[in-house]
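This report refers to the structure that appears directly beneath it.
2 protein chains.
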Amino acid sequence: MVDSINKVAVSPMSDSPIGEALHQLLHAYKRALQQSYQARGIDFGIGHIRSLKVINAHQATPASPCTARQIVARLQRDKAQIARLVKDLLAAELIDKHDNPEDRRSQILRLTPVGEAMLARIQEAEQHASLRMARGLSQDEMHAFVRLAKSMTGNLKP
Amino acid sequence: MVDSINKVAVSPMSDSPIGEALHQLLHAYKRALQQSYQARGIDFGIGHIRSLKVINAHQATPASPCTARQIVARLQRDKAQIARLVKDLLAAELIDKHDNPEDRRSQILRLTPVGEAMLARIQEAEQHASLRMARGLSQDEMHAFVRLAKSMTGNLKP
DNA sequence: TCTTTTAGTTGATCTAATCAACCATTGCCG
DNA sequence: CGGCAATGGTTGATTAGATCAACTAAAAGA
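Chains as they are written, first to last, in our numbering: chain A, 198 to 355; chain B, 198 to 355.
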């Protein structure tokens, strides 16, 4: 029995809430970030900002300097797009290019002092948005979330 | 001690991995979905598909029929964009419009049989991608993830 | 009735993403 | 060494998605 009690159109109920929840969350977060950025007069898209962050991360380990290549790998975006983002960041003088002694095709990207200052403001803005997002969640929960997200990303990568 | 062992450029380390992890995950998931769709010959963007799903969800509760309005509310997209998505779905004959006796400005959207069949295939594709994404995770973990995602989305909404 | 909202549509514009073609350099292999 | 495929980067073109403004028609409210 129960078989035809309610004809629930197509799905037997409870869609696949993961994708839905994910999409919803990212959209909301993107908007919150943009807001937080704009409130601080930071006038760049998310791509620009993420690129800055990658460059900064490499700055910390001078052994592996940052070229456009690294950003492409980290952000998994088309290299054409990265080239444009980098061009913008150069124009804004947030970063500069240095010849790469190891490979004359590529150039090493580094934050300028202005870029570092900008990044500091960006991180402030992010923390603001993150705190807002995490309101009511414990550290453990946040940590668990990130762990799960990374795990799932890993599953999808190959 | 340890205080100034490495000068980590700007951030004191550990960025804000939440945003990063989130972005990474959504991107990977989006690609996996697209792949899964394409492998099944489903030739629509994610927006179209999500709209179909909203219409289907309303189908289950005949009390509240689906108009473009509902899709706008559920997906939180610009109504212009939804209008275009709906137009495409109509053109593909996956849905049809019926006069709304309650309000002559709007029209009720319903899946056609073709639309239902399409949706079934979509759900198959999604389950494939979701299973892939969730490989190695327990039901509890998946559930926790969705709960946290929804909670965070809620925090950001206002 | 007159006014204000609301649902939906269209046009224009903007950004992000993607693809293909291309140059310079590098690395490899005979 | 000389040729050739692979790599890093750049540019142009195209596309999809999102967003904004303007507008119609109907509804709701005063």
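All residues carry an ideal CB built from backbone N, CA and C; glycine is no exception.
Check                                                                                                                   : Outcome
Any C-beta of chain B under 9 Å from that of Tyr226 (chain A)                                                           : yes
Simplified DSSP state of Asp358 (chain A), which is helix, strand or coil                                               : An answer regarding residue 358 (chain A) cannot be provided, because it is not within the stretch 198 to 355 covered by chain A.
Element boundaries [beta strand (DSSP E), containing Gln231 (chain B)]                                                  : Note, Gln231 (chain B): premise wrong, no beta strand (DSSP E); alpha helix (DSSP H) at 214 to 236.
Partner residues on chain B for Lys292 (chain A), Cβ-Cβ distance less than 9 Å                                          : According to the sequence displayed, residue 292 (chain A) carries Ile and not Lys. The premise fails here: Ile292 (chain A) is roughly 12 Å from chain B at the closest Cβ pair, so nothing lies under 9 Å.
Coarse secondary structure for Leu306 (chain A), derived from DSSP in three states                                      : strand
Contact check, Gln221 (chain B) vs Lys347 (chain A), beta carbons under 9 Å                                             : yes
Cα-Cα separation, Ala289 (chain A) to Ile268 (chain A)                                                                  : 18 Å
Best match in B:Phe342, B:Ala254, B:Gln336, B:Ser335 for proximity to Asp337 (chain A) [C-alpha to C-alpha]             : B:Phe342
Ser335 (chain B), buried or exposed, once every other Cβ within 10 Å from all chains shown has been counted against 16  : exposed
Gly244 (chain B) versus Leu272 (chain B): straight-line alpha-carbon distance, rounded                                  : 9 Å
7 Å CB neighbourhood of Asp296 (chain A) in its chain, flanking five on each side removed                               : Gln304
Cβ shell of Leu353 (chain B) (< 6 Å), same chain only, five flanking positions each side left out                       : none
8 Å Cβ cut-off: residues of chain A touching Lys276 (chain B)                                                           : The premise fails here: Lys276 (chain B) is roughly 16 Å from chain A at the closest Cβ pair, so nothing lies under 8 Å.
contact_flag[the stretch 318 to 326 of chain A, the stretch 224 to 236 of chain A] where n(CB pairs < 8 Å) is 3 or more : yes
Glu299 (chain A) burial status per 10 Å Cβ neighbour count (16 or more: buried)                                         : exposed
Amino acids of chain A, ordered along the chain, whose beta-carbon sits closer than 8 Å to that of Gln241 (chain B)     : Rather than Gln, the amino acid found at residue 241 (chain B) in this sequence is Phe. Those do not exist, as Phe241 (chain B) stays about 15 Å from chain A at its closest Cβ, beyond 8 Å.
Per-residue burial, Val311 (chain A) [other beta carbons within 10 Å of its own, 16 or more giving buried]              : exposed
Residue nearest to Leu306 (chain A) in terms of C-alpha spacing, selected from A:Arg281, A:Ile279, A:Pro262             : A:Pro262
Closer than 8 Å at the beta carbon, the chain A residues around Ser348 (chain B)                                        : Gly333, Leu334
Rounded C-alpha distance that separates Arg318 (chain A) from Arg329 (chain A)                                          : 17 Å
Within chain B, the residues that Asn297 (chain A) reaches when beta carbons sit closer than 8 Å                        : Simply none; closest approach about 19 Å.
Endpoints, the alpha helix (DSSP H) within which Ser348 (chain A) is located                                            : 336 to 353
Alpha-carbon to alpha-carbon, Met339 (chain A) and Ile215 (chain B)                                                     : 8 Å
Cross-chain neighbours of Lys354 (chain B) in chain A, by beta carbon under 9 Å                                         : Ala225
Distance CB(Thr350 (chain A))-CB(Ala225 (chain B)) smaller than 9 Å                                                     : yes
Proximal residues of chain B, C-beta to C-beta of Val343 (chain A) below 7 Å                                            : Pro214, Ile215, Ala218
Under 9 Å between C-beta atoms of Ile239 (chain B) and Met315 (chain B)                                                 : yes
Supposed contact pair Gln256 (chain B) and Leu291 (chain B) - C-beta distance, whole angstroms, cut 8 Å                 : Contact flag wrong, Cβ pair sits at about 13 Å.
Proximal residues of chain A, C-beta to C-beta of Leu282 (chain B) below 8 Å                                            : What Leu282 (chain B) touches in chain A: nothing, since even the nearest Cβ is about 15 Å away.
Interface flag, Arg247 (chain B) vs chain A, CB-CB below 9 Å                                                            : yes
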